[in-house]
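What follows is a short report on a single structure.
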Amino acid sequence: MLQLMIKDLYIQKKSAYFAPLLLLGFFLSKQKEVSMGNASIENVVFGLSVGFIAYFMTMYSNFNTGESERLQNRLILSLPVSRWEVIQAKYLMIAVWWVISYITYFILIFLLNYVFNLLPQLSIGLHGTLLSFCFAYLLSSVFYPIHFKFGYRTSSLVGILLFFLITSSLGKLLGTNSGISIVLQNHPILSIAIVSLAVSSLSYFLSGKIFAKTDF
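For reference, each letter of the sequence shown is one residue, going 557 to 772 in this note's numbering.
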């Protein structure tokens, strides 16, 4: 399984490592909101940003046309690995892409903060880090079952739409006094972690079932 994970690192397109640059306009346009000193807003923005970068890298590592992906899977399955091991490697790689995203995000923040003086210093702690990990798995877990069932193009589009849906929905939800809003504000890490764990677990088993039944 380790070799399958290393394979994903090798085949990852070099342009994917510049994914944080996609957020440059977002940083500049949201500078005032992020710099209001509201720790909750900073953590959510940080979590969504790193989570989306990790999702982008996960998505891009699976970039293939339908025919080339079938040939690649046929080659992989000719090796002494099971189909479930292929799925396990894919889901473990989400954590690897998250680590890389986390590092590259801070490189971008450093450049914007200290080199170009475009952003104020953000106080990101453990809460923001945990949120980013949860969002990375949440977005990527939506991607994989759709990817194995309908292909790369459909799954990548759904994942990007989901990111913008979560971004807009959280902002509106936190501005209300509903029960869900109160729970999110009082227990943001626990709430997102439970949702991410549930979605990731369901996604893992769905992906495994779909991949196990697919004829390559």
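Where a beta carbon is used, it is the ideal one built from N, C-alpha and C, also for glycine. Since this is a predicted model, take the numbers as computed values, not measurements.
Under 8 Å between C-beta atoms of residue i and residue j
i: Val606; j: Ser688; result: yes
i: Met649; j: Met557; result: no
i: Leu695; j: Phe608; result: yes
i: Ile745; j: His683; result: yes
Coil, strand or helix - residue i by DSSP
i: Ser636; result: Note that residue 636 is Pro in the sequence shown here, rather than Ser. Correct three-state label for Pro636: coil.
i: Gly681; result: coil
i: Gly707; result: coil
i: Ser617; result: coil
i: Lys563; result: helix
i: Met557; result: coil
i: Gln568; result: coil
i: Thr770; result: coil
i: Ser591; result: With a pLDDT of 49 at Ser591, under the threshold of 50, the predicted position of this residue should be treated as unreliable, and no value is reported.
Spatial neighbours of residue i in its chain, beta-carbon cut-off 7 Å, leaving aside the 5 residues before and after
i: Gly715; result: Tyr611, Met615, Leu695, Val698, Phe699
i: Tyr661; result: Pro576, Ser605, Val606, Ile609
i: Pro701; result: Ser759, Leu762, Ser763, Ile766
i: His703; result: Asn618, Ser711
Sequence-distant residues of the same chain with beta carbon closer than 6 Å to residue i, five excluded per side
i: Ala749; result: Cys690
i: Ala768; result: Arg639
i: Ser712; result: Met615
i: Gly681; result: none
Cβ distance (whole Å) where residue i is taken to contact residue j below 8 Å
i: Ala575; j: Met613; result: 6 Å
i: Tyr693; j: Ser617; result: Tyr693 to Ser617, Cβ: 15 Å. No contact.
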